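What the sequence shown shows, in the working numbering, is residues 26 to 331, in sequence order.
First comes the structure, then the notes that go with it.
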Amino acid sequence: MRIRGILLLLLLLLRLLLSCELSAQPVRIWSGTPVRAREVMLTPYLPDIPGPAPAVIVCPGGSYFWLDVEHEGEMVAEWLRREGFAAFLLQYRTGGWFNFVFHSRWMLDGYRFPDMMEDIQRAIQLVRQGASGYGVNPDRVGVMGFSAGGHLVMLSAELADTDFLAKQGIEAGVSLRPDFVAPIYPVVTLQDREETHKRSRRGLLGEGRTHNLSLRDSLSLEKHVHPGLPPVFLLNCVDDPIVDYRNSELLDSALTANKVPHLYVQYKIGGHGFGADPEKFSDETKQWQATFLHWFNDLITKKNDE
26 MRIRGILLLL LLLLRLLLSC ELSAQPVRIW SGTPVRAREV MLTPYLPDIP
76 GPAPAVIVCP GGSYFWLDVE HEGEMVAEWL RREGFAAFLL QYRTGGWFNF
126 VFHSRWMLDG YRFPDMMEDI QRAIQLVRQG ASGYGVNPDR VGVMGFSAGG
176 HLVMLSAELA DTDFLAKQGI EAGVSLRPDF VAPIYPVVTL QDREETHKRS
226 RRGLLGEGRT HNLSLRDSLS LEKHVHPGLP PVFLLNCVDD PIVDYRNSEL
276 LDSALTANKV PHLYVQYKIG GHGFGADPEK FSDETKQWQA TFLHWFNDLI
326 TKKNDE
């Protein structure tokens, strides 16, 4: 019995060591493919307990020009890891600071849609394909994003039937549809409206395409909600000084009209960009993580009862 106990302890320690090793090793998701985007990284944050665990791909915000990797990325992924999720921080392609300042995509190549969609679909593909190695349940792979990242994760659900990997000669081999979506204070509409976040629109579309009405409509989230979407956890604050709170109200209305199962949490005070940083929380937003966990546990309970 003592030998068996020692063996079990060694197995647990090995699992912990492997978890820490994997958590520290980012993956260049486009290695070995025709896509030249070495900077795109997927970093696993794996729980200490044995799987299979639900997975969450985390997409930080930054107006599609840069990424808030710390508050909306690393801190979020580490929190999810502690709660038993396998979190994967995706550093997707953005327009970049140079293009933000100089508007240089008028003349030069630069990242823009659909580059970001390729990145998130590739991340979903790799997490599902590597589920056994990561200790992940391939049927519980969700996406969580903040601000522009919130737009991206919701877009990945709405456009899941469009295979953006195929044009790169990549056969997905797995479903590219996320099993749940959590857009946090997301950018929603790209149309000419008072509440439109124009910086994110320019970051996503690129200079020269911001006046393309068809493209703006095709990427405005409220326009493409349909009944087949996965469950959605939506959250924002009325006093958001960056992305007008009415963005989330547009999305909530569309989800409700299409009877998509979702929870919309709206706080009065909390602002924007708090991510998982306690120092940025208000008395209301400090509750959001517990609220998400409660929503997710209810979701799993309902699925198990079906």
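In this text, a Cβ means the ideal position worked out from N, Cα and C, and glycines have one as well.
Predicted model only: the values in this text are computed from it and were never measured.
_Ranges of the alpha helix (DSSP H) found wholly within the segment 135-187, counting only runs of at least 4_ = For the segment 135-187, whole alpha helix (DSSP H) runs of length 4 or above, ordered along the chain, are 140-154, 156-159 and 173-183.
_Within 10 Å of its beta-carbon, does glutamate 247 have 16 or more other beta-carbons around it, so buried, or fewer, so exposed?_
buried
_Spatial neighbours of leucine 230 within its chain, please: C-beta separation below 8 Å, excluding the five flanking residues on both sides._
Arg137, Phe138, Leu215, Asn237, Leu240, Arg241 and Leu244
*Just how far apart, CA to CA, sit tyrosine 289 and histidine 176?*
15 Å
_Proximal residues to glycine 167 (C-beta, below 6 Å), its chain only, five neighbours per side dropped_ = Val81, Pro203, Asp204 and Phe205
*Beta-carbon proximity of glutamine 154 to leucine 190, cut-off 8 Å*: Not closer than 8 Å, so no.
_Spatial neighbours of aspartate 264 within its chain, please: C-beta separation below 8 Å, excluding the five flanking residues on both sides._
Tyr270, Lys293, Ile294, Gly295 and Gly296
_Using CA atoms only, rank isn't needed, just tell me which of Lys305, Asp277 and Arg224 is closest to isoleucine 267._
Arg224
*Which one or two residues does DSSP pair with valine 206 in a beta bridge?*
Val168 and Val257
*The beta strand (DSSP E) spanning isoleucine 82 covers which residue range?*
Isoleucine 82 -> beta strand (DSSP E) spans 78-84.
*Determine the extent of the beta strand (DSSP E) in which glutamine 291 is found, giving its start and end residues.*
287-292
*Exposed or buried, which one is asparagine 322 when buried takes at least 16 other CB atoms within 10 Å?*
exposed
*Which value, in whole angstroms, describes the spacing of the CA atoms of asparagine 261 and leucine 318?*
16 Å
*Report yes or no: do three or more beta-carbon pairs, one from the segment 85-94 and one from the segment 54-66, lie closer than 8 Å?*
The segment 85-94 and the segment 54-66 do not touch, with fewer than 3 CB-CB distances between them shorter than 8 Å.
*So what's leucine 114 in DSSP terms, helix, strand or just coil?*
Correct three-state label for leucine 114: strand.
_Contact set for isoleucine 31: own chain, Cβ-Cβ below 8 Å, skip 5 residues either direction_ = Reliability fails at isoleucine 31, whose pLDDT of 49 lies under 50, so the model's placement of it is uncertain and no value is given.
*Does DSSP put threonine 214 in a helix, in a strand, or in coil?*
coil
*asked:* Taking only three categories from DSSP, how would you classify leucine 67?
replied: strand
*Could you tell me if threonine 187 is buried or exposed, where buried requires 16 or more neighbouring beta carbons within 10 angstroms of its beta carbon?*
Threonine 187 comes out exposed.
*Answer with yes or no whether the minimum CB distance from leucine 67 to chain B is below 8 Å.*
No chain B is present in this structure, which holds just one protein chain.
*What are the partner residues of valine 52, as DSSP defines its beta bridges?*
Residue pairing of valine 52 in beta bridges, as defined by DSSP: Leu67.
*Does the segment 94-104 touch the segment 124-138, meaning 3 or more C-beta pairs lie closer than 8 Å?*
no
*Counting only the same chain and skipping the five closest in sequence on each side, list residues whose C-beta sits under 7 Å from that of proline 85.*
Leu92, Asp93, Val94, Glu97, Gly98, Phe171 and Gly174
*Mind checking alanine 301: buried by the 16 CB within 10 Å criterion, or exposed?*
buried
*Which same chain residues, not among the five before or five after threonine 68, have their C-beta less than 6 Å away from its C-beta?*
By the criterion of a C-beta distance shorter than 6 Å, threonine 68 is surrounded in its chain by Pro51 and Leu114, once the five residues flanking it on both sides are discounted.
*For tryptophan 104, which of Asp134, Tyr70, Gly120 and Val250 has the nearest alpha-carbon?*
With respect to the C-alpha of tryptophan 104, the residue from Asp134, Tyr70, Gly120 and Val250 having the closest C-alpha is Tyr70.
*What are the boundary residues of the alpha helix (DSSP H) that isoleucine 325 is part of?*
313-330
_Only counting the same chain, and skipping five residues up and downstream in sequence, which positions put a Cβ closer than 6 Å to that of arginine 106?_
Apart from the 5 residues on each side of it in sequence, arginine 106 sits with its Cβ closer than 6 Å to the Cβ of Tyr70, Pro72 and Ala112 in its chain, given in chain order.
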